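A quick write-up on the structure given underneath.
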Amino acid sequence: MKEINKYDANFTAGGLLSSEFKSLYPILFESNFIVQIEKERELNNFLGIKTESARKRIVTEIKRRYNVVKKSFWEWFKDLSEKEQKLALFYLCLKTYPIVLDIHIEVALKKYKIGNDLNAFSVKMRLDEIASVNDIVGSWSESTLDKLNSQYRTTLKECGLLKGERLSNHLIISDSFWEYFEDIGESWFKEVCFK
Numbered sequence: 537m538k539e540i541n542k543y544d545a546n547f548t549a550g551g552l553l554s555s556e557f558k559s560l561y562p563i564l565f566e567s568n569f570i571v572q573i574e575k576e577r578e579l580n581n582f583l584g585i586k587t588e589s590a591r592k593r594i595v596t597e598i599k600r601r602y603n604v605v606k607k608s609f610w611e612w613f614k615d616l617s618e619k620e621q622k623l624a625l626f627y628l629c630l631k632t633y634p635i636v637l638d639i640h641i642e643v644a645l646k647k648y649k650i651g652n653d654l655n656a657f658s659v660k661m662r663l664d665e666i667a668s669v670n671d672i673v674g675s676w677s678e679s680t681l682d683k684l685n686s687q688y689r690t691t692l693k694e695c696g697l698l699k700g701e702r703l704s705n706h707l708i709i710s711d712s713f714w715e716y717f718e719d720i721g722e723s724w725f726k727e728v729c730f731k
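Each residue of the sequence shown is one higher than the one before, starting from 537 at the first, in this note's numbering.
Have a look at this one:
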């Protein structure tokens, strides 16, 4: 298991952030994206988020995710289908938030392998288990844990990995998509997408 002191609840800021990344297409693929996104935090030309405090929180998480991969990821990303882009954004979530990776491997992947459904209770059980051994997670409010639980399951639905409470691998995704992850030494991602 990853170092549990790295857990934070920042994933609750917006889950997959698919529409936010999409709204940033005019600047997302620019070489100076980090500079541009800081300007966007102030100007709000693309995100359309009313309050600056909310924009600041979303921009912080976008930058975190943007920086967990090399620039070549973004060059590859822009030519993906919408379904593939959502899966690629899920990959960023797993790379950025150790708690999301933990829940996904310890709950969703295990349940998928034995043919069980994934529901709010099964995710809550894992969060309670983590909270019992991790003071940081143990200090989170019930509403934070509920939001994390809900955001995680919504993210799986957006990616097509969860339909209702049924975990699914019925995604029509190109072989070249999965090959990219093999090429960058991240073949584990295919397995966590139930392939």
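No residue lacks a Cβ here, since even glycine has one placed at the ideal position from N, Cα and C. The model shown is predicted, which means the values in this text are computed figures rather than measured ones.
From which residue to which residue does the alpha helix (DSSP H) around residue i run?
i, result
"leucine 553", "Counting along the chain, leucine 553 falls outside any alpha helix (DSSP H), and DSSP gives it neither H nor E."
"glutamate 701", "First-last for glutamate 701: undefined, no H or E at that position."
"isoleucine 672", "671-674"
"asparagine 685", "678-695"
"tyrosine 716", "711-719"
"glutamate 727", "724-728"
Verify whether the separation of the beta carbon atoms of residue i and residue j is less than 8 angstroms.
i, j, result
"phenylalanine 609", "glutamine 621", "no"
"arginine 600", "threonine 548", "no"
"leucine 681", "cysteine 629", "no"
"alanine 644", "leucine 707", "no"
"valine 659", "isoleucine 639", "yes"
"glutamate 694", "serine 554", "yes"
"phenylalanine 717", "tyrosine 648", "no"
"isoleucine 672", "tyrosine 543", "yes"
"alanine 624", "leucine 616", "yes"
Please report the Cβ distance between residue i and residue j, rounded to the nearest whole angstrom; I am assuming they are in contact, meaning their Cβ atoms lie under 8 angstroms.
i, j, result
"glycine 696", "serine 704", "7 angstroms"
"phenylalanine 582", "glutamate 576", "6 angstroms"
"aspartate 653", "arginine 593", "32 angstroms between Cβ atoms; not a contact."
Closest to residue i by CA distance: which of the options is it?
i, options, result
"phenylalanine 713", "Lys726, Glu701 and His706", "Lys726"
"valine 595", "Val605, Asp615, Ile570 and Lys607", "Ile570"
"alanine 750", "Val605, Gly674, Glu715 and Lys683", "Not covered by the structure: residue 750. The range shown for the chain is 537 to 731."
"alanine 545", "Ser617, Val728 and Ile666", "Ile666"
"phenylalanine 626", "Lys699, Glu566, Asp719 and Arg689", "Arg689"
"glutamate 611", "Gly651, Asp664, Phe565 and Val669", "Phe565"
"lysine 558", "Met661, Lys619 and Glu578", "Lys619"
"glycine 721", "Val673, Ser668, Lys606 and Leu663", "Lys606"
"glycine 584", "Asp711, Glu678, Leu560 and Glu597", "Leu560"
"serine 679", "Ala590, Leu663 and Asn670", "Leu663"
"asparagine 568", "Ser675, Asn603 and Ile709", "Asn603"
"valine 728", "Lys646, Gln572, Ser589 and Glu578", "Lys646"
"glycine 550", "Asp719, Glu597 and Gly674", "Glu597"
At 4 residues or longer, and completely inside the stretch 557-612: list those alpha helix (DSSP H) runs for me, N to C.
DSSP runs (the alpha helix (DSSP H)) wholly in the stretch 557-612: 561-564, 569-579 and 588-602.
4-residue-minimum alpha helix (DSSP H) runs that sit fully inside the stretch 604-666, ordered along the chain:
Runs found: 607-613, 618-632, 634-639 and 646-650.
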